[in-house]
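Structure first, commentary second.
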Amino acid sequence: MLYYLICFICIYYALAYNQINSNSNTPMELNYTAWQDKRIMFMYAHIDDMEMSSGGLFSYLIKQNITIGSNIYLTILTNSNKGCGNPDICGNSTTDEIAEIRQSEQENVASIYGIPGCNILYLPYDDCMLKYSNSEEINKQLITIIRDKQPHVMFTWEGCLQWDELIPSVGWGDLDYHPDHQISGSLTLDATWGSHLDRLYPNPDPNVSVSAWKVEELYYWSYSSVISPTHYVDITGQASITKTEAFLEMYSQYQDPNSIIDLIVYVGHALGEQVGLPSGSMAEAYTYVLW
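Numbering (our numbering), first residue to last: 72 to 362.
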């Protein structure tokens with residue numbers, strides 16, 4: 072009992088500290104150069120979530136030799152089998168065929184960044200149905216993945232939205248609402264915390280060498296004007312170009328390439344302005360969660 076009380080106190084003060092910092096109007100530049108040779112995992116709901124949230128950061132990590140592609144992992148919680156933005160490619164496809172198309176696109180994108188295909192981990196849950204799947208089983212799967220790959224730094228969706236701050240004139244899109252997005256962030260937070268408890272799902276997979284792993288840093292992707300980021304990455308210039316080129320490999324998700332280019336530029340400029348960069352700058356923004 073004392074152990075759990077101590078854990079609760081530590082988490083309380085950690086969250087309180089982050090709440091104080093999240094209320095600050097001066098987000099800090101993300102010190103990703105400190106991650107030299109560390110393992111980094113992006114745990115998102117769908118294929119293409121990582122490219123939109125962190126494509127510029129990816130570019131820096133690889134091109135500045137902060138880490139190598141084999142130290143970067145993508146964990147995708149759904150099979151992304153409902154998303155088709157280009158009827159010419161997937162309009163007549165079954166959901167199973169859409170899942171195959173999108174996985175192929177994801178692996179093409181990973182190759183641009185030098186990430187081996189074996190570092191992309193797909194969970195089998197249907198697109199749009201993550202919220203209605205077995206959360207305990209997902210928790211066990213994610214904890215097993217974290218213990219197996221042993222990431223030092225993790226990124227995921229914002230899992231705790233402030234619905235009272237939703238801007239009525241913008242509507243759902245202001246928070247990029249999707250039930251998979253929000254639940255994947257919540258599931259990732261739970262698994263990131265639970266992975267360090269050796270008595271929680273002890274040895275569920277004999278191929279996993281450790282029974283506990285503590286992630287050093289977890290970040291939510293801050294993608295909206297109503298989410299206050301604590302950190303940012305300036306992706307103005309080549310990083311944003313690489314991000315755009317990578318996202319354009321998702322051919323099944325658009326008909327007009329300019330729509331994707333415009334979206335990336337719009338979001339990048341909006342986040343750049345929010346974190347206080349000079350006019351015309353582009354940013355990716357994140358909220359530090361723990362530890």
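Glycine residues also receive a C-beta, built at the ideal position from the N, C-alpha and C atoms. Note that the structure is a prediction, hence the values are computed from the model and not measured.
Item, Value
"Inter-stretch contact at 8 Å, needing at least 3 Cβ pairs: the stretch 268–276 / the stretch 132–150", "no"
"Exposed unless 16 or more other CB atoms sit within 10 angstroms - verdict on residue 159", "exposed"
"Neighbour-count burial assignment, residue 105, 16 or more Cβ in a 10 Å radius", "exposed"
"Strand pairing of residue 354, partner residues [DSSP]", "305"
"Cutoff 6 Å; reference residue 314; Cβ partners in own chain excluding five residues on either side", "126, 127"
"Minimum C-alpha distance to residue 309 - residue among 353, 220, 230", "353"
"Cβ contact (3+ pairs, closer than 8 Å) linking the stretch 287–303 and the stretch 337–357", "yes"
"For residue 359, the three-state DSSP class (helix, strand or coil)", "strand"
"Residue 129 versus 181, 265, 169, 165, residue with shortest Cα-Cα distance", "181"
"Residue environment, residue 165, which counts as buried when at least 16 other CB atoms sit within 10 Å", "exposed"
"Simplified DSSP assignment, three categories, for residue 257", "helix"
"DSSP three-state assignment for residue 139, whether helix, strand or coil", "coil"
"Residue nearest to residue 321 in terms of C-alpha spacing, selected from 214, 295, 154, 195", "154"
"Whether residue 227 touches residue 123 by CB criterion (9 Å)", "no"
"Paired residues, beta bridge with residue 191 - DSSP", "145"
"CA nearest to the CA of residue 229, picked from 120, 339, 343", "120"
"Helix, strand or coil at residue 240 according to DSSP, with G and I counted as helix", "At residue 240, the pLDDT of 48 sits below 50, so the modelled position is not reliable and the matter cannot be decided from this model."
"Residue ranges of each beta strand (DSSP E) within the stretch 156–234, 3 or longer", "191–196, 224–228"
"Test: residue 268 CB closer than 9 Å to a CB of chain B", "Structure shown: chain B not included; a single protein chain is present."
"Cut-off 7 Å between Cβ atoms - residues of its own chain near residue 262, not counting five sequence neighbours on either side", "210, 213, 214, 217"
"Residue 20 and residue 117 closer than 9 Å at C-beta", "Only positions 72 to 362 of the chain appear in the structure, and residue 20 is not among them; the question remains open."
"Range covered by the beta strand (DSSP E) that runs through residue 384", "The structure shown does not extend to residue 384, since the chain is modelled only from 72 to 362, so the question has no answer here."
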